[in-house]
Amino acid sequence: MSDGKTIELQEYKSEIKPTWCPGCGDFAVLSGLQKALQVLQIEPWNIVIVSGIGCSSNIPHFLSSYGFHSIHGRAVPVASGIKLANSDLTVIAAGGDGDGYGIGVGHFIHAMRRNLDITYIVMDNQIYGLTTGQASPTSEKGMVTKSTPEGVIENPVNPLTLALASGATYIARGFSGDAKGLGDLFARGIKHKGFSLIDVLSPCVTYNKINTYDWFRQRVYSLEKEGHNPSDYLAAVARADEWPNLDQKRDRIGLGVFYERNDIPTYEDLEPALKKGPLVRQPLGLANPEELLEEFR
Amino acid sequence: MSDGKTIELQEYKSEIKPTWCPGCGDFAVLSGLQKALQVLQIEPWNIVIVSGIGCSSNIPHFLSSYGFHSIHGRAVPVASGIKLANSDLTVIAAGGDGDGYGIGVGHFIHAMRRNLDITYIVMDNQIYGLTTGQASPTSEKGMVTKSTPEGVIENPVNPLTLALASGATYIARGFSGDAKGLGDLFARGIKHKGFSLIDVLSPCVTYNKINTYDWFRQRVYSLEKEGHNPSDYLAAVARADEWPNLDQKRDRIGLGVFYERNDIPTYEDLEPALKKGPLVRQPLGLANPEELLEEFR
Amino acid sequence: MSQKELVFRIGGAAGDGSASTAESLAKVCTRSGLYVFTYTSYQSVIRGGHSWVQVRAAEEPVLSQGERPQVLICLNQPTADIHAPQVRENGAIIYDSDTIKLDGLRLAEGVRKIGFPLGRLAREFSNNALMKNTVALGAAVRLFDMDLAVVESAFATVWGDKKREIVDANVKAAAAGYKYVEENGGSLNLGLRHSGKARLLITGNQAIALGALAAGCKFLAQYPMTPASSIMHWMADHAPKHGVVVKQVEDELAAINMAIGAGFAGVRSMTATSGGGFSLMVEGIGQGGMVEAPVVAVLAQRAGPSTGLPTKTEQGDLNLALGAGQGDWPRAILAPRNTDECFRLTAEAFNLAEVYQTPVIVMSDLYLSEGYRTVEGFDFNVPIIRGLLAADGGTAKDKYLRYKITESGVSPRALPGQPGFQFDAGTDEHDEKGELISDVLAGIPEWVEIRKQMMDKRMRKLDGLRRDTKGPELWGPEKADITLISWGSTQGPLREAILDLQEADGLPVNSLEYAYLFPFHADETTAALKRAKRTMSVEGNFTGQFSRLLTAETGIRPDHFFGKYDGEPFYPSEIAAKVREVLG
Amino acid sequence: MSQKELVFRIGGAAGDGSASTAESLAKVCTRSGLYVFTYTSYQSVIRGGHSWVQVRAAEEPVLSQGERPQVLICLNQPTADIHAPQVRENGAIIYDSDTIKLDGLRLAEGVRKIGFPLGRLAREFSNNALMKNTVALGAAVRLFDMDLAVVESAFATVWGDKKREIVDANVKAAAAGYKYVEENGGSLNLGLRHSGKARLLITGNQAIALGALAAGCKFLAQYPMTPASSIMHWMADHAPKHGVVVKQVEDELAAINMAIGAGFAGVRSMTATSGGGFSLMVEGIGQGGMVEAPVVAVLAQRAGPSTGLPTKTEQGDLNLALGAGQGDWPRAILAPRNTDECFRLTAEAFNLAEVYQTPVIVMSDLYLSEGYRTVEGFDFNVPIIRGLLAADGGTAKDKYLRYKITESGVSPRALPGQPGFQFDAGTDEHDEKGELISDVLAGIPEWVEIRKQMMDKRMRKLDGLRRDTKGPELWGPEKADITLISWGSTQGPLREAILDLQEADGLPVNSLEYAYLFPFHADETTAALKRAKRTMSVEGNFTGQFSRLLTAETGIRPDHFFGKYDGEPFYPSEIAAKVREVLG
Ligand SMILES: Cc1ncc(C[n+]2csc(CCOP(=O)(O)OP(=O)(O)O)c2C)c(N)n1
Ligand SMILES: Cc1ncc(C[n+]2csc(CCOP(=O)(O)OP(=O)(O)O)c2C)c(N)n1
Ligand code: SF4
Ligand code: SF4
Ligand SMILES: [Mg+2]
Ligand SMILES: [Mg+2]
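Chains as they are written, first to last, in our numbering: chain A, 1 to 297; chain B, 1 to 297; chain C, 1 to 584; chain D, 1 to 584.
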């Protein structure tokens with residue numbers, strides 16, 4: 001944007017062809033994200049996409065930006081380190097439900113309470129795709145998978161109530177069957193100052209034969225259309241608890257922004273060392289080292 | 001209980017004198033727990049207390065039962081393994097806020113959604129005691145500690161909303177200033193079939209000079225007396241969100257049972273291999289091994 | 001080697017069904033009385049890319065995936081491009097003539113191009129796109145002179161009675177391919193006898209799981225990770241019937257800690273993972289050493305570093321296993337050399353873990369864990385030795401010492417639920433009772449001494465573990481021009497290389513093979529290597545992790561090192577070539 | 001050693017204030033121109049138990065905590081019981097005669113019992129219970145012939161101007177103790193000159209933190225763990241002023257991953273922990289090796305295994321550092337031998353990490369990290385070498401290869417935010433651009449070759465790292481009856497033992513000291529050890545982890561091994577005794 005020229009959508013696309021299975025929900029996430037970045041006109045070199053490991057976590061390779069395809073479950077801390085080192089960057093963490101809500105759920109919770117200005121996109125297919133179909137933390141009770149031939153006996157994680165409990169300041173749910181809606185949710189999340197979670201219902205056409213596009217289409221509805229007020233915390237909890245929940249009710253699944261508030265300072269705002277700007281731009285070495293030695297004399 | 005003789009309180013006490021600082025909130029937890037076990041007449045040898053690392057995590061040594069003083073943050077998975085191996089045992093996990101909500105928060109969330117019949121007691125002093133006073137995940141925003149000389153800039157974890165979001169089926173808050181109440185909450189939690197969380201406000205008199213007994217006394221109230229209905233999920237969320245919360249409101253802190261439901265099967269109930277009883281009692285080796293080889297021919 | 005063999009390869013994209021077709025063929029070979037060895041080359045992707053499987057079979061035991069194939073099935077064009085030139089003289093290439101071209105490819109002499117409309121033919125029997133593989137399979141079966149009836153029986157086992165129509169359609173499809181070859185050149189006349197005893201065809205991971213079941217394993221906590229995942233899958237399938245709790249947990253931290261909890265509570269318990277997950281178990285497994293809880297941890301290696309090549313093999317995690325945990329604690333590390341040992345050593349690991357009350361690590365790798373191999377059978381008469389238990393009597397309740405200092409380092413173990421033996425297991429340094437030394441006693445002279453005694457006690461277990469495990473096996477001629485040192489799964493290709501060197505070059509070569517890595521058997525090693533004229537260590541990693549262990553323990557440095565770290569398994573030919581180079 | 005010295009000890013329960021009183025005395029010694037060395041023996045408990053501090057000072061540099069004290073302050077009865085018998089001939093014991101009894105203790109000849117009502121006296125100046133320590137401190141100062149004015153200036157620095165009343169009360173309390181001794185026997189007449197240049201008194205951790213600041217560290221992510229926590233505390237105190245983000249994070253997994261993220265993004269970043277936390281960093285640090293991100297990880301060791309003895313020292317985590325991560329990747333491991341090197345090697349670690357774009361581990365231990373020592377000063381003129389950056393020019397944008405295969409193994413590094421150099425850093429095996437090999441290319445012959453080249457490229461960095469670091473230092477006489485091999489913090493006590501053996505026994509002994517552990521300097525080692533008559537390795541662990549590394553790298557096995565694993569630091573006298581035993 002800096003030189004006044006519009007950045008074209010094409011410039012967000014890399015040379016690498018996505019390796020996802022035809023029909024995988026992650027394609028819509030990729031194109032939605034590219035669209036959102038283009039709408040916001042963020043220069044590709046000022047974006048870092050950080051992922052973990054999983055089918056979904058291959059996404060950095062398909063976008064033309066800086067990318068860090070990290071280890072399983074650690075996308076969020078890696079992204080946090082990047083953001084703190086260079087707070088001028090647009091930092092997006094992305095990955096799977098296993099990556100983010102399974103092995104990585106601890107980092108997820110702590111990142112939310114920090115309210116770093118990071119956007120976290122979870123491609124939630126309720127299954128472990130890359131490892132060929134085991135149960136994930138969002139697999140519904142009873143689901144038969146390679147690791148649960150008798151059916152899952154855990155209650156699923158509800159990412160939205162978890163986020164509501166943990167201080168995320170932008171909490172949304174998208175659906176790969178609604179590409180347009182996805183782009184909007186991403187753009188709004190990236191613009192939002194603070195931690196944004198966008199849980200995307202992104203069907204795995206190969207290993208999840210239950211939670212398919214059709215299954216979702218029969219259940220999803222727009223929060224906005226039903227007049228949900230995203231600043232109402234308890235209303236957001238009630239909407240989020242519609243699915244999944246302990247009672248295994250699964251007839252209504254809201255899409256859109258569950259919760260947003262813009263009055264909570266970000267971590268970067270509060271961090272004293274960043275008052276002088278991003279760390280990468282601050283001078284190395286010590287100006288007056290001898291001063292530091294006084295306490296040791 | 002087996003031989004009809006009442007087990008005396010004394011029998012739950014070990015020879016080891018607690019090494020906590022005089023006045024530490026953890027003393028009340030210890031005696032409350034002993035009392036609860038005695039009230040329930042659970043044989044000391046059928047109890048396993050599993051802890052992590054921290055001042056609070058020394059608790060197994062002060063109780064006469066089986067104890068597993070594990071590593072930092074892993075009390076809950078160790079306890080889960082014990083419970084699954086021998087579901088006849090009364091398994092209690094116990095430890096600090098750092099142990100359970102910091103490094104261990106991932107296990108905490110996943111244990112709750114499993115609804116194993118375990119009681120988890122967190123001695124929440126909003127500080128890292130044993131490592132001499134750094135911020136903990138429940139330290140309030142602005143608190144000055146050894147690691148945060150400019151004040152904490154994270155929003156604190158709210159263990160109760162987290163538990164409500166994660167499927168725990170008994171969620172309570174106690175206070176070391178109310179020893180009687182503690183004993184009751186513990187007894188009810190242990191009796192409860194399913195995962196019980198009891199977050200105990202347990203002041204650290206040495207390193208937390210803010211959240212003192214007095215500070216709490218000015219703010220706590222009884223949920224029961226205010227007519228809170230523990231089967232009302234949204235009401236529980238609203239009560240839990242009173243403190244801590246994003247708005248840093250801190251005038252009302254509810255004590256008692258926030259949420260309880262008894263209609264969700266426990267993990268042990270659902271686990272097919274436990275239908276024949278605890279694993280420790282099932283025969284070793286294979287009855288008809290050759291049958292297993294058929295698939296390989 | 002000169003023995004008669006068949007080598008078959010099939011390749012396509014991920015999702016094209018190479019693996020299941022190859023598996024069927026392997027089953028057919030097994031039921032035809034042959035020894036089988038398979039290797040699957042695949043990639044970390046669900047659809048697309050390029051994957052292929054090699055099946056090798058012979059009348060005598062086969063120890064590696066073999067080299068160039070005689071028969072290749074191409075399921076897509078890249079397979080033809082990459083693999084067709086490798087097909088042996090007078091071999092055959094089966095492909096769909098509608099979609100694949102062999103033009104311009106440099107083929108060996110006499111290679112038959114068996115191109116026919118596989119896809120079109122297949123559609124007669126089913127609209128499943130994978131049915132064309134079955135047609136090709138039928139063609140291969142004819143080339144190898146095997147029996148269609150065996151194919152039918154194999155299909156029947158795979159799909160079972162409930163899916164009779166599927167079986168029927170497949171049988172018809174196979175027959176069509178069979179017929180095509182019958183009418184177009186017939187058999188390759190490899191001359192293998194297809195009869196005799198059907199043995200077992202099983203992967204290393206299945207053998208590990210079976211070994212665990214046989215040893216009385218009751219609890220498996222695992223998090224999926226290639227190439228360890230199939231242990232969990234197989235166990236989960238068989239768990240309820242055998243009273244085993246199989247839990248996919250939230251991460252590997254949970255897996256090892258749950259498994260240790262279960263071990264502490266008195267059941268035989270296990271976890272399994274690959275290097276990435278094992279990295280996360282490092283703290284937990286050290287805990288097992290300190291609280292003296294039995295647990296078995298399977299570490300199925302894949303190519304690193306870091307996420308590395310998730311579907312490729314390597315022996316690069318030995319340093320990780322040797323260094324896991326803080327400080328010094330007694331561990332045992334076993335590395336099965338083959339599928340049979342996957343069963344036996346896993347079962348043994350449970351005994352060692354309980355007898356010595358400490359974690360035991362079983363190291364395999366993708367090559368061994370995922371490959372199908374023939375075994376003669378398993379001896380399910382596995383002794384179950386639970387070690388010193390307080391319940392067995394002889395231990396007084398009133399002054400029960402869970403961590404009693406003994407000569408063997410092993411102390412009587414009480415299990416929760418046992419009246420009167422209450423104790424605390426602690427990861428802090430503790431006294432014989434289990435009470436903390438760290439909090440008020442550390443540094444006080446008499447307790448400094450007790451701390452030292454507790455260390456000595458625990459570390460003494462290594463003596464027993466060494467005594468109870470075997471030294472390296474010297475295989476091949478007593479007198480050899482060079483001794484090859486190997487560990488774990490390298491055994492097979494290495495032995496074949498040795499046989500080949502003997503046969504083709506008249507070179508006497510032997511091998512010193514390790515299945516029990518730690519505690520290391522230094523005396524036997526020194527004795528064996530003293531007699532060696534020349535030595536070369538052969539391992540699947542960059543730095544020679546095992547050679548370094550051997551040198552650290554004995555001061556002996558192998559004269560040469562052949563390390564492989566490109567993700568591919570060893571081929572006998574390259575080991576033989578290296579030996580020739582070194583000796584030549 | 002025969003040099004004049006003062007050795008002071010103070011003991012009590014945790015919370016009794018031994019540490020701060022000892023620190024004050026150490027500061028007074030420093031300001032009196034002496035070289036100082038302190039050792040604190042404490043326990044993992046906040047109140048109670050038994051902790052004590054030893055302060056040793058002399059006109060010449062002191063390299064260990066020393067042995068028996070001349071002056072002991074007992075803050076409680078157990079201190080008297082445990083330590084009083086150790087006070088040297090003609091030394092003195094200061095204690096509160098109202099609460100402590102020395103009756104029945106076997107004291108050395110001529111030991112003065114300086115019992116007076118410390119507590120009662122102290123209450124005249126303040127109702128702070130710890131004020132009695134200050135009275136005792138004053139008494140000690142008089143025994144050592146030091147100046148009350150220096151005490152006052154030390155107090156003024158500790159509490160600062162804002163707490164003038166505290167300073168005044170303490171000065172008065174010290175004066176009272178001083179006066180009591182003045183009137184009751186006066187000085188011990190140790191004969192040390194108390195004048196001269198005031199040097200710096202600093203802990204290893206503070207020196208590490210200072211070294212990091214000097215090298216331009218901008219980011220520290222850490223989770224508290226003894227004995228690494230004080231790095232974070234000190235950094236946090238100084239962070240905002242120096243533009244450093246210091247984050248206490250949720251666990252050590254987060255710490256290493258955040259630090260790597262920050263390093264990738266272009267700032268010099270670091271984490272610090274002890275063995276338990278490092279265990280959790282194992283996967284993350286290997287990731288750094290694969291994505292080629294610079295990061296410095298400080299591993300301050302404590303006694304294991306597992307939680308072990310959190311407040312006690314050991315050198316038991318070398319295997320952990322050597323084995324961290326899956327597969328083989330290039331790492332550097334540095335182990336400062338003393339406080340001065342804590343500063344210098346930490347600073348150097350940042351250069352190595354950036355020049356070689358790989359994680360560098362700095363290993364200290366509780367003994368070195370927490371002890372106060374004298375250093376002459378620090379050279380803040382630390383060169384800051386950022387290594388090969390794409391931004392420095394010479395790298396074309398259009399065909400930018402982040403992981404370009406080069407002779408050195410180092411490739412030009414672009415930083416996010418730099419237009420035109422977009423690339424992906426991946427933990428899967430990747431090509432020169434950073435794109436995955438693992439997902440559709442692995443196993444295809446040409447890509448198998450590229451995978452190998454990528455491994456070779458990364459591992460070539462070890463050559464550069466070896467070239468850029470120093471071999472072991474041979475210290476002491478060229479010709480020696482025995483060469484002692486050591487690493488890290490063992491340097492001090494070991495050198496003192498050598499000096500003592502020379503002086504007392506006329507025995508020529510030298511030492512081969514390692515500060516740069518990995519990549520190992522094998523050639524220099526072999527050369528040095530070839531000249532050694534006899535060798536003994538001296539390290540603070542059970543199995544001789546470093547000796548094993550040395551043997552693995554050179555084939556040379558030290559003739560003897562002296563390992564200490566009781567949690568206590570080495571004492572020069574025990575090393576000397578061991579040498580005498582071995583040589584005798
Ligand atoms: C520490 C570790 N454990 C396990 C794995 C294996 N692994 C790779 S991806 C994955 C799960 C993928 O599931 P998810 O995050 O939901 O992504 P998806 O493939 O469904 O998009 C696992 C378990 C790993 N790479 N690292
Ligand atoms: C992996 C690991 N990291 C760090 C530590 C150091 N450590 C011991 S206890 C503790 C925190 C204690 O805080 P909390 O859990 O709140 O318990 P409290 O002492 O306050 O009761 C820490 C960080 C450790 N033992 N292991
Ligand atoms: S396996 Fe599932 S998640 Fe993975 S690429 Fe295929 S459809 Fe997508
Ligand atoms: S430091 Fe705090 S938490 Fe620890 S024992 Fe003392 S009062 Fe209790
Ligand atoms: Mg998924
Ligand atoms: Mg705490």
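Note that CB positions come from ideal geometry on N, CA and C, so glycine has one too.
Check residue i in the structure and name its three-state DSSP category.
i	result
D/A332	strand
C/H521	coil
C/S511	strand
C/E496	helix
C/I208	helix
C/H430	strand
D/R467	helix
Ignore the nearest five residues each way along the sequence and tell me which others in residue i's own chain have a CB closer than 7 Å to its CB.
i	result
C/K132	D96, L118, G119, A122
C/E581	none
B/Q134	Y128, T145, K146, S147
Once you ignore the five residues that flank residue i on each side, which residues in its own chain have a CB closer than 6 Å to its CB?
i	result
D/A169	F125, S126
D/D16	L75
Determine the extent of the beta strand (DSSP E) in which residue i is found, giving its start and end residues.
i	result
B/R173	170–175
B/G95	90–96
C/C29	Segment 18–31 is the alpha helix (DSSP H) holding C/C29; no beta strand (DSSP E) there.
Could you pull the start and end residues of the alpha helix (DSSP H) that residue i belongs to?
i	result
D/D237	229–238
D/H83	77–83
D/E407	Element bounds for D/E407: n/a, residue is neither H nor E.
D/C342	339–356
**Near-chain C residues of the segment 123–135 of chain A (beta-carbon distance less than 8 Å), N- to C-terminal order** = Under the 8 Å Cβ criterion, the segment 123–135 of chain A contributes Y128, G129, L130, T131, T132, Q134, A135.
**Prompt:** Taking Cβ-Cβ distances below 9 Å as the criterion, which residues of the segment 191–212 of chain D are in contact with chain B?
**Reply:** From the segment 191–212 of chain D, no residue has a Cβ closer than 9 Å to chain B.
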